[in-house]
Structure formats: structure tokens, C-alpha cells
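Visitor:
Number of protein chains: 2
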Amino acid sequence: MGIGAGKLAPVRTGLSPAEALQVVLDATPVLGSETLAAERALGRVLAEPVVAGRQLPPADNSAMDGYAVRAADCAGASASRPRRLRLAFEVPAGGRAERALGAGEAARVLTGAPLPDGADAVVRQEDVEAGPGEVRVGVAPAPRENVRDAGEDVRAGETVLEVGERIGPAQLGMLASLGRSVVAVHQRPRVAILSGGDELVEPDRDVAVGRIVSSNSYSLAAQCREVGAEPVYLGIARDAPDEIERHLRAGLGAEVLLSSAGVSVGDRDYVRGVLEKLGCPLLFWGVRMKPGYPLAFGRFESAHRPLAFGLPGNPVSAMMTFEQFVRPALLKMAGRRRWFRPRLEAVLGETLRKQAGRLHFVRVRLERRGAEVVARATGNQGSGVLRSMIRAHGILVFPAEAEVLEEGARARVQLLDEEFLASDEPGL
Amino acid sequence: MGIGAGKLAPVRTGLSPAEALQVVLDATPVLGSETLAAERALGRVLAEPVVAGRQLPPADNSAMDGYAVRAADCAGASASRPRRLRLAFEVPAGGRAERALGAGEAARVLTGAPLPDGADAVVRQEDVEAGPGEVRVGVAPAPRENVRDAGEDVRAGETVLEVGERIGPAQLGMLASLGRSVVAVHQRPRVAILSGGDELVEPDRDVAVGRIVSSNSYSLAAQCREVGAEPVYLGIARDAPDEIERHLRAGLGAEVLLSSAGVSVGDRDYVRGVLEKLGCPLLFWGVRMKPGYPLAFGRFESAHRPLAFGLPGNPVSAMMTFEQFVRPALLKMAGRRRWFRPRLEAVLGETLRKQAGRLHFVRVRLERRGAEVVARATGNQGSGVLRSMIRAHGILVFPAEAEVLEEGARARVQLLDEEFLASDEPGL
């Protein structure tokens, strides 16, 4: 047994998924901040509040194309008894009024134009008859009518965006309006990904007998990208301690180290030994779940070193352990508030059976049936059968001690495919 | 009135939102395909099926670390009556068996190693006692036990991914396993974005009196990115037909042209005239909704020219019209199956009132209360109040003819913030 289990420190094993997740999250830090160009910050999480340096709108302005007036001048006006006002000047868009509006005067304004001093209302152009040098106003506006008040959206000094808020399109519009071109956000985790195994080749190589493509690195990298983390692929390490050490060392600058295969108890599972040599003892090995039992997790003893996950080598097991443990850790690191998939209660469309002892994560297709959602397993649930994952809308949680889930019973489903929730008609 | 409404062709106006959306979607093409490196295809939609060029797994292989045997040789074996087999050879990971397994022989195999010819089962190493040159097998395996069958995941020639399927992590893992490094997907729409108005400046400029930041281009660009479209910002056009024409021409190579402001009926709304001059008559102007009434939509008469949306200039109106009309069009273009936000029925946490005639899109915050979701408006619903959008979890549809929605009544909500659905505990 290589750098075998015999030489290694004892480690907690056989944890429940919930226990293992708690160990992972307890060890997971929230990353510090970095300052980014605002337009690169879409999807990031604010690490400092955004305080308005100006009010919005910056000045009282017209909500309509029309005429700025003094409301008092138009008291009692109507279509049959219009009030005649002198057309004093025009306020250009992007400009300012040349002077204050006097009594008995009106000023032409376009939508968004600043209200002249002295004016306190805007009359829509539809309610005005314009003649040479004068206008006849056929309505009696209330004070502030058709006026957008300075500061009605934002007052100067006000906190407009909070720490922990995710930056979406409206937040970017607000940052632009405030003239903020940079913003402090939580760093996004970098995830170093290593595949281990003499049998592995990259997808562009021939698969001679006994060779298989190292596909896990591609699915894991995509899982990272989907949550906004940055994957760094370290390549394939052969089954030799020095080769694994060289690859792992290349990933020590990342926030998370993922090794796929090589942390089991087999003859060629050298990763654990190498991790311990590098100063990263395991916090657990082995979680009572299927697929994905041989999951290992460790934390380096020195600061500024990555969390280390040893994921199983089977394609479904690697993706599932990422989904259940790595994904929440990455979301926590990035400052996100919620770390877990949407859940729903589904009705079983078929009876599922297993032995008691391990929680099963059953990949299911979902189908709406009235107000209910019906779940059925995606065929062969072997941990090497990637198609069970491809076809999955969600992951059904088959509790550890249960042996049967009868057709028609309800079970909890973690929703993977957000498109399942999307609507196929607009509902207007 | 500039290139005023008087000179322009008559156009449908006052459509309901549902009618307007139908016009938009009817005019929207699904884009053709492009061939991409697989790892750049995350989130794209397949434009051709993926047919397996090889079977997966490529060969019968061991599901365990253990010993390949002929099941018949071990019939009747048990821990107390182990069967003695000659240890013939080892199959290396990534290698192949040097010869077929003979009767009375066992071969050492690690997980994933190809099964030697002649062998038909694998015994776990825990069930074997190994001695020099021989093993004592303490169980009687069934044929195929602990063997992963060649082709159990995928058979050669089988269609593994369908046209219209979105490429996620599992699909990328499958493509890698099949040795597919490029893949044909629907093109992603490019969206040319123009802001119009003499009062607009970029966020890095001083906002003197009467000037405001052109924030719509930033929020609209982010809305594009969120659905995987590629924004191309054309800058700010002053209120002059030649200036607008110059900017619009720069966007004619895109699939969608968005102009924010300038397609209303005001003195300086030149966009419509310029569009018609360029060969893009409007299909409608004006939708009975609030915010967002002054929405225009046109289609160029020549092929390979963009759809043109004239969005209102107010920040909320611009985002809302994008959300209701541009977003579904972009998803259709990209080959997506579902074009509309998830919806839910919410209970009103307050009474809402309006005049009959226009459908209102009320920005709401949502809160879970037991099995229900309670919706409350996000404060001031003015179309210039971007904070109403920032705080929104969703958009409540207040039907055109309704005048009141009482507290406690139910209403339809389009869900904007997917994080609202995410869970704050794992539920394992």
C-alpha cells in the first residue's frame, strides 16, 4: 500500500452528509475584497456598502414634454377658460434655465429638463395651446405636478447598496448613475483541479485499451464556472507520489484544491499522504452517501492555503460530491447569502429501493402534473453512468435509514436545472 | 417636431403587452449555429445532436480494487471454505492484461482496470487473502459481479445529447469522455446598445446642472450578459438625426439594436425617423403598460439585419421593457426552450390601486410566510426610481382592467431574483 493508510494519522470517517457538510462549512472562510471596474462586477457580492455621493435625480426636472409654470398662475384654468402665460424661454435638454421663471411666465421644457427656479409644476404639451410668444394653459396643475423631485430616487449620503448584496443589472445602473466606476466586491475563489490516474488521458488523445478520458476536470471546471469561481486545471498526475506532489504544489495558491480520484484506500491512492506531507491533514474521509462515499476533506495548517477536497474518481461521484460540498463552500467564500439549491417536494413516479445505511442522491427527471411535480430516476444510477446526471432536473434525497420510497410518496428534491422553473408562456 | 410623427408611416399603437410580445416573438429568428471549443460552450444550446463515436466505458472494467476471476472457479467458496486460485498477473491501471485469464487463475485489478479476457467477475480485495503466488477467495461471486460493463453508460452510435439541450457541466464531461473537443451550438445574439439624449454623459464625467449619467446602457448591457447575449455599446448619440444615424449604422451588424430614449413623440425623438430611413419600419409603438408605454419595435426589411427596439429613457422603463420583450427574444434567438421567468402566485401584503387601462408591472419584495409568499411593492414606483428595481425580488402583474388588488388577494409574480428560491439550509 503506497504511502499507505497505515502510516497516516487517524481521521474521522463514516460521517453523515450533514455532518460532513458542517465540517466543510466551518472550515470555509469568506474571502476578502478586491476593487473591480463596475462593469466587470456583474454577479459579484458587495464587500462594502455603496453610499450615494450625489442625489438622484440631481435636480427637480420635468416628467413630461411640456411647459414649466407657477401653479398659482394657473389656478382655476380649464379648457374652456385657459390661462394665458408669456412664453419666456426654453430649457434645453442637458442645459439649464437661463434665468428664474417670473410671475405670469411659462418655459418650454422637454422630459428630463431641469425645472427653472420659480417654476413649481409642468403642464403637458397636450394641455397647452402654443402661440407666438405665449401659451394658453387649459388645466390647473397642482404644485409639483409632472415634476420629478430632486433626490426622489436617492438622497446624497444615503446607503443605496448594502454589503452582501449581489450586483445585478439594476445595481450596475445605480453605480453608473452615481458616477461610481469601481466597486469593492468579495474575491471569487480560484479552484485548482487535479486529475489522478495512470489510465487517464486528455480528450484529444487516443483511448487505447485501458485508457479513459479525464472528463472530471471538465465537468468540475464547469461546475466552478457556474457559481462564478475560477477553475485552474493542473492536468493529470500519474500514480506516483512525486508526480502528485508536483501537481498539488502548483495549486497551493488557489483557495480550493480539488483532486479527483486518488484519495481512496487503494494501492495507488497517494493523494492523502502527499497532502499530509504538505501540511494538510484530513478532517474526514468517507461520507455515508451514494454516490460519493470516498470523499476526503482537509485544511492546511498554515494560513492562506487552500481547502483540499479529495473527490472520488467516478464521473457521477465527482460531480455529486462537488454539488453537495464544494459548491456551498464556494458560495460562502464569495460572500453569497444562500449556499444551497432551491428545493421542492416531489411525488415519486416510481418506487425506489435501497439498503439502509447510506443516504442516496438519486438523479431524477421532473414533470409537472397539475400543482404537483413528479420525480422519476434517470435510469441506471451507477456512479460511472454520466447520463444519469445529464438527464437530471434534480437530485432526490433518499434518506440514509429508509429502504423504500413508495410510488406516490413525497420526497425532497434539490433542483439542479433552473430551466425547469422557467415558464413556457409569458403569463401576461 | 424634428423628423416628426407627421411624416412617418402609420403604425400599430396601444397594443396590450401580450399582443406586443407576440409581434416581437413572431419576428424573432432562432440564430444559426457556430462551432466552438467545448470548454467555451458552457450555457450554450446544442444546434446538432451529439452521437457517440465510442462506447463508454470503453471496455469491461473493474468496479473495485480486487481480483479478476472466473465466477465458475469460485462456486461454493466461503470465508470458511475459501477457494485457492493461482495469482497469474496484474492488470495495470491504464494498461491491458498481458494475456487471457485461464481456469483456476486470478489477476490483480485496480478500480477501472480492464477485465482480462476469460475473467467474468471481480472479488473485492477485502474478501481475498493474498499469499505468494496465490490468493484464497472467501466468496462466490455471481457472474459480472463488481464488473462495469463496456457500453453501460453509452453505446457507440447512440445519440447522447439532443438538439436544443443546454450544455451544462455533465454535458461537458460527456463531450470530453467522447473525445469531442468542438461542438456546434446556436450563436449567441449580439446586442448593439445606443443611448440618446443631449443631457447624457458617461459615468466618469462631471454632472453639471441638467446633465445625468447614461446609466441605461450599463443596466441593459448587464441584462444582456445575464442571458448569455453579447452587448456592444455604441455610446451616446446627441439629439440630431445625423448623429443618431451614424450610431445606429454602427450597430447594423448585430442581431438586436437597442436604443434607449428617442423613440417617443417628443420634439427630439429622431430615432424612429432614422430607423425608417435605414429600412426599418416600426411594427408597433406604444404598449398599454406602466412603466414602459413608449416602447417601439421594428424589423429591417432586408435579411441579416437586426431587430430594433426603441426603449423608453427612464431607467425603470428601460429595464422593464427589456425584461418583458427583449429578454424572451434573446432566449429564443439562442435556441433556448423556455423564454420566460419562473412565476409564482403571491399573496398581497398590502392593497395596490391604479387606474384601469394599462397593465402595471409592480416591483415587489417577496417574503416567505409558511407555504405562502407575500409580496409588497418596493416603495415609490416612479419610472425614474431605480431603487424600486434594485430592491425587487420579482415583478407583480397588475392586470390592465383591474383597479385594485386587495391585501390578502393573490397575484402572479415573475421571479427576477433566483437567489430568492435558493435555500438557506442544506436539507440533508
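Residue numbers (the working numbering), protein chains in the order written: chain F, 8 to 435; chain D, 8 to 435. Glycine included, each C-beta is placed from N, C-alpha and C at the ideal position. Given the structure is predicted, the values throughout are model-derived calculations rather than measurements.
Under the three-state reduction of DSSP, which class applies to Gln421 (chain F): helix, strand or coil?
Guide: Strand, per DSSP.
Visitor: What are the residues of the stretch 396-407 of chain F that lie near chain D, defined by any Cβ-Cβ distance shorter than 8 Å?
Guide: Those would be Met396, Ile397, Ala399, Val404, in chain order.
Visitor: Suppose you measure from the CA of Leu179 (chain D) to the CA of Arg365 (chain F); what does that come to, to the nearest Å?
Guide: If you take the alpha carbons of Leu179 (chain D) and Arg365 (chain F), they lie about 29 Å apart.
Visitor: Does the CB of Met327 (chain F) have a neighbour CB from chain D at under 8 Å?
Guide: Taking Cβ atoms only, chain D never reaches closer than 8 Å to Met327 (chain F), which makes this a no.
Visitor: Which partner residues of Ala367 (chain D) appear in the DSSP bridge assignment?
Guide: The question names Ala, but residue 367 (chain D) in the sequence shown is His. According to DSSP, which records beta bridges pairwise, His367 (chain D) is partnered with D:Lys297, D:Phe405.
Visitor: Consult DSSP for Ile397 (chain D) and reduce its assignment to one of helix, strand or coil.
Guide: Note: Ile397 (chain D) maps to helix in three-state DSSP.
Visitor: Among F:Val57, F:Ser224, F:Ile219, whose alpha-carbon lies nearest the alpha-carbon of Gly5 (chain F)?
Guide: Summary: the structure shown does not reach residue 5 (chain F), with chain F confined to residues 8 through 435, and so no result is reported for it.
Visitor: Is Arg195 (chain D) buried or exposed, if buried means 16 or more other CB atoms sit within 10 Å of its CB?
Guide: Arg195 (chain D) should be labelled buried.
Visitor: Quick one: which chain D residues come within Cβ less than 8 Å of Gln178 (chain F)?
Guide: Residues of chain D passing the Cβ test: Ile397.
Visitor: Within 10 angstroms of its Cβ, does Pro433 (chain D) collect 16 or more other Cβ (buried), or is it exposed?
Guide: That one is buried.
Visitor: Residue range of the alpha helix (DSSP H) that Ser188 (chain F) falls in?
Guide: Counting along the chain, Ser188 (chain F) falls outside any alpha helix (DSSP H), and DSSP gives it neither H nor E.
Visitor: Got a sec? Which residues, its chain only, sit under 8 Å from Arg350 (chain D) by beta carbon, not counting five neighbours each side?
Guide: Closer than 8 Å at Cβ, skipping near neighbours: Arg419, Val420, Gln421, Leu422.
Visitor: Do you know how far the Cα of Leu359 (chain F) is from the Cα of His367 (chain F)?
Guide: Cα to Cα, His367 (chain F) sits roughly 10 Å from Leu359 (chain F).
Visitor: Please name the residue or residues paired with Ser430 (chain D) in a DSSP beta bridge.
Guide: Partner(s): F:Phe347.
Visitor: Can you check which of these residues, F:Pro24, F:Leu22, F:Thr35, F:Thr20, is closest to Leu337 (chain F) by C-alpha distance?
Guide: Nearest option by C-alpha distance: F:Thr35.
Visitor: Can you check whether the C-beta of Arg61 (chain F) is within less than 8 Å of a C-beta belonging to chain D?
Guide: Arg61 (chain F) counts as touching chain D.
Visitor: If contacts are defined as beta-carbon pairs under 8 Å, then His193 (chain F) and Gly342 (chain F) qualify, I think. What distance do you get, rounded to the angstrom?
Guide: Going by Cβ atoms, the distance from His193 (chain F) to Gly342 (chain F) rounds to 3 Å, so yes, they are a contact pair.
Visitor: At what residues does the beta strand (DSSP E) containing Glu330 (chain D) begin and finish?
Guide: Here Glu330 (chain D) belongs to no beta strand (DSSP E), and DSSP marks it neither H nor E.
Visitor: With distance defined between alpha-carbon atoms, name the residue in F:Val98, F:Ala110, F:Arg376, F:Gly145 nearest to Pro123 (chain F).
Guide: Ranking F:Val98, F:Ala110, F:Arg376, F:Gly145 by Cα distance to Pro123 (chain F) puts F:Val98 first.
Visitor: According to DSSP, what are the bridge partners of Thr42 (chain F)?
Guide: Beta-bridge pairing links Thr42 (chain F) to F:Ala191.
Visitor: For a contact defined as C-beta to C-beta under 7 Å, what are the partners of Met181 (chain D) on chain F?
Guide: Going along chain F in sequence order, the residues near Met181 (chain D) (Cβ under 7 Å) are Leu393, Ile397.
Visitor: Compute the Euclidean distance between the alpha carbons of Arg1 (chain F) and Phe332 (chain F), then round it to the nearest angstrom.
Guide: Residue 1 (chain F) cannot be examined here, being either before or after the span of chain F that is shown, 8 to 435.
Visitor: For Leu438 (chain D) versus Ser266 (chain D), is the C-beta spacing smaller than 8 Å?
Guide: In this structure chain D extends from 8 to 435, so residue 438 (chain D) is not present and cannot be described.
Visitor: Helix, strand or coil: which one does DSSP assign to Ser69 (chain D)?
Guide: Strand, per DSSP.
Visitor: Kindly confirm or deny that the stretch 73-92 of chain D and the stretch 40-58 of chain D touch, where touching means at least three C-beta pairs closer than 8 Å.
Guide: Short answer: they don't touch.
Visitor: Mind listing which residues of the stretch 346-369 of chain F have their C-beta closer than 9 Å to chain D's C-betas, in chain order?
Guide: Per Cβ criterion, the list reads Trp346, Phe347, Arg348, Pro349, Arg350, Leu366.
Visitor: Report yes or no: do the stretch 115-122 of chain D and the stretch 49-68 of chain D share at least 3 C-beta pairs separated by less than 8 Å?
Guide: The stretch 115-122 of chain D is in contact with the stretch 49-68 of chain D.
Visitor: Hey, Gly21 (chain D) and Arg334 (chain D): beta-carbon distance below 8 Å or not?
Guide: No, the Cβ-Cβ distance between Gly21 (chain D) and Arg334 (chain D) is not below 8 Å.
Visitor: Step through the CB atoms of chain D and report whether any lies within less than 8 Å of the CB of Asn153 (chain F).
Guide: No, Asn153 (chain F) does not count as interfacial toward chain D.
Visitor: Determine the chain F residues that contact Pro335 (chain D) at a beta-carbon separation under 8 Å, and present them in chain order.
Guide: Here the neighbours are Pro433.
Visitor: Applying a beta-carbon distance threshold of less than 9 Å, which residues of chain D neighbour Arg173 (chain F)?
Guide: Correct list: Asp424, Glu426.
Visitor: Report the three-state DSSP secondary structure of Arg47 (chain F) (helix, strand or coil).
Guide: In the structure shown, Arg47 (chain F) sits in a helix (DSSP, three-state: H, G or I).
Visitor: Using a Cβ-Cβ cut-off of less than 9 Å, list which residues of the stretch 194-214 of chain D approach chain F; keep chain order.
Guide: Correct list: Gly204, Asp205, Glu206, Leu207, Val208, Glu209, Pro210, Asp211, Arg212, Asp213, Val214.
Visitor: Only counting the same chain, and skipping five residues up and downstream in sequence, which positions put a Cβ closer than 6 Å to that of Leu403 (chain F)?
Guide: Val369, Val371, Ala382, Ala418, Val420, listed in sequence order.
Visitor: Name the chain D residues that come within less than 8 Å of Glu230 (chain F), Cβ to Cβ?
Guide: Note that residue 230 (chain F) is Gln in the sequence shown, not Glu. Correct list: Pro176.
Visitor: Using C-beta distances below 6 Å, list every residue in its chain close to Cys287 (chain D), excluding the 5 sequence neighbours before and after it, in chain order.
Guide: Excluding residues within five positions, the ones whose Cβ falls inside 6 Å are Gly305, Phe307, Ala315.
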